[in-house]
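J.: Just so it is clear: in the sequence shown, position 119 is 119 by UniProt numbering, and no numbers are missing.
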Amino acid sequence: MQYGLYLGVYICLRFFLGLTHLALFSVISFIMLFGIPVLIYYVIKNYRDKHLNGAISLGAAWGLGCGLYFFSGMIVELVQFVYFRFINQDILAQAAEAAKVMYEKFNVSAENLNMLDKIMQPHFYVISDFFVSFILGGCIISLIIAGFVQRKANPFQ
1 MQYGLYLGVY
11 ICLRFFLGLT
21 HLALFSVISF
31 IMLFGIPVLI
41 YYVIKNYRDK
51 HLNGAISLGA
61 AWGLGCGLYF
71 FSGMIVELVQ
81 FVYFRFINQD
91 ILAQAAEAAK
101 VMYEKFNVSA
111 ENLNMLDKIM
121 QPHFYVISDF
131 FVSFILGGCI
141 ISLIIAGFVQ
151 RKANPFQ
């Protein structure tokens, strides 16, 4: 959970850098996105080498990665909820309006356009982002990372 806290703070920093309208911070935020799997790899590899005598199964590595994503996701989504609900309440509404303009160009029905207002509510947005980004995405990325980190124990040690 401690590493999940660190990863959550890292992702929150990435989130706030991405909100700025400065190009440099947006680029840094984008680059930080690629650092997330690298950090997960490092944490699992470090745990394997220091606490498990250099051996970890695919399932254990995958579970550790999923746990890291889960705990960091809880932190990130709590911060995002507070931001969207209390600090900048208009940002999701502005994003919904921009999406409506884009979808109108593709002749999307009015019923589907009205659904955007419901989807872009802070509570719905945060919950769906948590499940898609941190649960589903975290499980998939952790499985890939676990394939690289796994190592069988040496029976001669």
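The beta-carbon is built from N, C-alpha and C at its ideal position, and this holds for glycine as well.
Just so you know, these numbers come straight off a predicted model, no measurement behind them.
Is Gly4 closer than 8 Å to Ser57 when the C-beta atoms are compared?
T.: no
J.: Rounded to the nearest angstrom, what separates Gly138 and Pro37 at their Cα positions?
T.: Cα to Cα, Gly138 sits roughly 9 Å from Pro37.
J.: Is the CB-CB distance between Ser26 and Gly35 below 8 Å?
T.: No; because the gap between Cβ atoms is not below 8 Å, this pair is not in contact.
J.: Just tell me which of Ala55, His21, Leu68, Gly67 has its CA closest to the CA of Ala153.
T.: Ala55
J.: Just the Cα atoms here: how many angstroms apart are Val101 and Ile135?
T.: 30 Å
J.: Write down every uninterrupted run of the beta strand (DSSP E) in the segment 15-81 whose length is 3 residues or greater and which is fully enclosed by it, in chain order.
T.: none
J.: Exposed or buried, Phe156, counting other C-beta atoms within 10 Å across all chains shown (16 or more means buried)?
T.: exposed
J.: CA-CA distance, Ala98 and Phe130?
T.: 23 Å
J.: Who does Arg151 pair with in a DSSP beta bridge?
T.: For Arg151, which the question treats as bridged, DSSP gives the partners Ile56.
J.: Identify whether Gln89 lies in helix, strand or coil by the three-state DSSP scheme.
T.: Gln89: coil per DSSP, three-state reduction.
J.: By the DSSP assignment, the alpha helix (DSSP H) with Leu116 in it spans what residues?
T.: 110-119
J.: Let's test the definition: count the other Cβ atoms within 10 Å of the Cβ of Phe124 and tell me whether it reaches 16, buried, or not, exposed.
T.: exposed
J.: State the start and end residues of the unbroken alpha helix (DSSP H) segment that holds Phe124.
T.: In the DSSP assignment, Phe124 falls within the unbroken alpha helix (DSSP H) covering 122-129.
J.: Please work out which residues of its chain come closer than 6 Å, Cβ to Cβ, to Met32, disregarding the five sequence neighbours upstream and downstream, and give them in chain order.
T.: Arg14
J.: Rounding to the nearest angstrom, what Cα-Cα distance links Ile75 and Val82 in this structure?
T.: Going from the Cα of Ile75 to the Cα of Val82 covers about 11 Å.
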